[in-house]
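Numbering (UniProt numbering), first residue to last: 1 to 160.
Virtual Cβ for every residue (Gly too), placed ideally from N, Cα, C.
Since this is a predicted model, take the numbers as computed values, not measurements.
Read through the structure below, which is laid out as structure tokens, and then see the notes.
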């Protein structure tokens, strides 16, 4: 893998990554490669189907993240971190909030979070239609099946 292409925070060590999927997915694990050590995220907060999350909301944890990953290994290899699959059964978008990196905790003043690979393990779900279950078509409507609504336009059937 090419380590020259990285995602790095610019102003401080916070990052928000928004990942839209082309369909609904069931997530099982997060795959991440970050570092070097001081640039490794100290935690990752995961939000499902919440594309409008900003830094202020994420920092105040409103809404609460579905899962917080607090022990991100310091490794130059891709690491697979299992997720609580029951919390991620029907994901259209995933937002990752990274509140900081290990360098800030260790006293490095200008630390930036760096990620060189981000992936997911799971399966695609078949989209189910969200329309009505039973449809009744009237080829020739009968007037006795319908009641008159007061205030309808002229030409409507008079009330009985």
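{"query": "Is the distance from the Cβ of residue 67 to the Cβ of residue 84 below 8 Å?", "result": "yes"}
{"query": "According to DSSP, simplified to helix, strand and coil, what is residue 28?", "result": "strand"}
{"query": "Secondary structure at residue 66, three-state DSSP: helix, strand or coil?", "result": "coil"}
{"query": "Buried or exposed: residue 37, going by 16 or more other Cβ atoms within 10 Å of its Cβ?", "result": "exposed"}
{"query": "Given this structure, state the Cα-to-Cα distance separating residue 113 from residue 40, to the nearest angstrom.", "result": "6 Å"}
{"query": "If I follow the unbroken alpha helix (DSSP H) through residue 80, where does it start and stop?", "result": "Not the alpha helix (DSSP H): residue 80 falls in the beta strand (DSSP E), residues 79-82."}
{"query": "Taking residue 90 as the reference, which of 43, 116, 49 and 149 has the closest Cα?", "result": "49"}
{"query": "Short check: CB of residue 123 to CB of residue 42, under 8 Å?", "result": "no"}
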